Amino acid sequence: MSAFRPCVLIPTYDNPATVRSVVARARAQVDDVLVVDDGGGDEARRVLDAIAAEGLARVRRREVNGGKGAAVKTGLAWARELGFTHALQVDADGQHAIEDAPRFLDAARARPEALVLGAPIFDESAPRARRVGREITIFWTNFEAGPGVITDPMCGFRVYPVEAALAVTVRGDAMDFDPEIAVKMVWAGAPVINLPTRVRYVPRGEGGVSHFRMVRDNALISWMHTRLSIARIARGRPR
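Just so you know, our numbering puts 77 at position 96 of the sequence shown, and the rest follows in order with no gaps.
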């Protein structure tokens, strides 16, 4: 790859209290920030319009909410249109340690073909139910992609090589997107770099909003693992 041109990609759905801070923290690390508004409400739109007007980030709006995965797909295609080679995905709720961006981008620059995934270090703010669900999806991902290849498939702090990410077909449009694209990229031959990073669940009092729908999203993730496990068995040993 002759040039390394990264951007930050922030998918957001109704995070008016936190998205400006996330954008500002991202801009302190990377010059170019792309925000995809996944059909958020009026308050979120006003905040994002102001961010765009001030030149802090480029903002693209999806008129209908499609899910986190749908927003990331839109953002990756947009990043390619703008000539970016890599996209650092960051959640808009403020849970990620954006100061780790240089370390993640250095890894991507050194191995531009690699998928760089965050291996989260949680504090006491992490809900127990979410931890249990994460351990289950890690178990199935180890089966699908090979033991230890992907430390944690759910962490949304990651660097995609844009062309390689867009080259794989990902059916998931909601919270099932993150693990599915990671496994599909491994199947397509992308090496994986797992880097530790701290993750903090932001309380509602600080503007934290979780859009994880326990029943629906767990059902989608379970169906995704069913599909991938069947495909893994058909493929034989993971490569």
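Ideal Cβ positions, reconstructed from N, Cα and C, are used throughout, including at glycine. All values derive from a computational prediction rather than experimental measurement.
- Just curious, the beta strand (DSSP E) that A68 is in, first and last residue? In the sequence shown, the residue the question calls residue 68 occupies position 87. Under the DSSP assignment, A68 falls in the beta strand (DSSP E) whose first and last residues are 67 to 70.
- Message: Measuring straight from C-alpha to C-alpha, what distance separates G170 and E161?
- Response: Position 189 of the sequence shown, counted from the start, is the residue given in the question as residue 170. Position 180 of the sequence shown, counted from the start, is the residue given in the question as residue 161. Each residue's Cα considered, the two are about 14 Å apart.
- Query: Which residues in the same chain as A52 place their Cβ atom closer than 6 Å to its Cβ, once the five residues preceding and following it in sequence are excluded?
  - Reply: Your numbering for residue 52 matches position 71 in the sequence shown. Closer than 6 Å at the Cβ level, and outside the excluded window around A52, lie P(-8), V17, D19.
- Query: When you compare each of V3, A88, N175 to L37 by their alpha carbons, which one comes out closest?
  - Reply: Position 56 of the sequence shown holds residue 37. Nearest to L37 by alpha-carbon distance, out of V3, A88, N175, is V3.
- Could you tell me if G129 is buried or exposed, where buried requires 16 or more neighbouring beta carbons within 10 angstroms of its beta carbon? Stepping through the sequence shown from its first residue, residue 129 is reached at position 148. Exposed, because fewer than 16 other Cβ atoms sit within 10 Å of the Cβ of G129.
- Cutoff 6 Å; reference G12; Cβ partners in own chain excluding five residues on either side: Taking the first residue of the sequence shown as 1, we reach residue 12 at position 31. One detail in the question is off: residue 12 reads as Asp in this sequence, not Gly. Closer than 6 Å at the Cβ level, and outside the excluded window around D12, lies no residue.
- Give every residue of the same chain whose Cβ lies closer than 6 Å to the Cβ of G22, excluding the five residues on either side of it in the sequence, and list them in chain order. Counted from its first residue, the sequence shown places residue 22 at position 41. Closer than 6 Å at the Cβ level, and outside the excluded window around G22, lie D(-5).
- Item | Neighbourhood of R41 by C-beta, 8 Å cutoff - its chain only, sequence neighbours within 5 removed | Start at 1 with the first residue of the sequence shown, and residue 41 comes out as number 60. Counting only Cβ-Cβ distances below 8 Å, and skipping sequence neighbours, we find L15, V16, V17, D18, T55, G56, W59.
- Any idea what DSSP makes of P134, helix, strand or coil? Position 153 of the sequence shown, counted from the start, is the residue given in the question as residue 134. In the structure shown, P134 sits in coil (DSSP, three-state: anything other than H, G, I, E or B).
- G56, DSSP secondary structure in three states: In the sequence shown, counting from the first residue as 1, residue 56 sits at position 75. Three-state result, G56: helix.
- Task: List the residues that DSSP assigns as beta-bridge partners of R41.
- Result: Residue 41 sits at position 60 when you count from the first residue of the sequence shown. As computed with DSSP, R41 is found in a beta bridge with V17.
- First and last residue of the beta strand (DSSP E) that includes L29? Walking along the sequence shown from the start, residue 29 turns up at place 48. Element bounds for L29: not the beta strand (DSSP E) but the alpha helix (DSSP H), 23 to 34.
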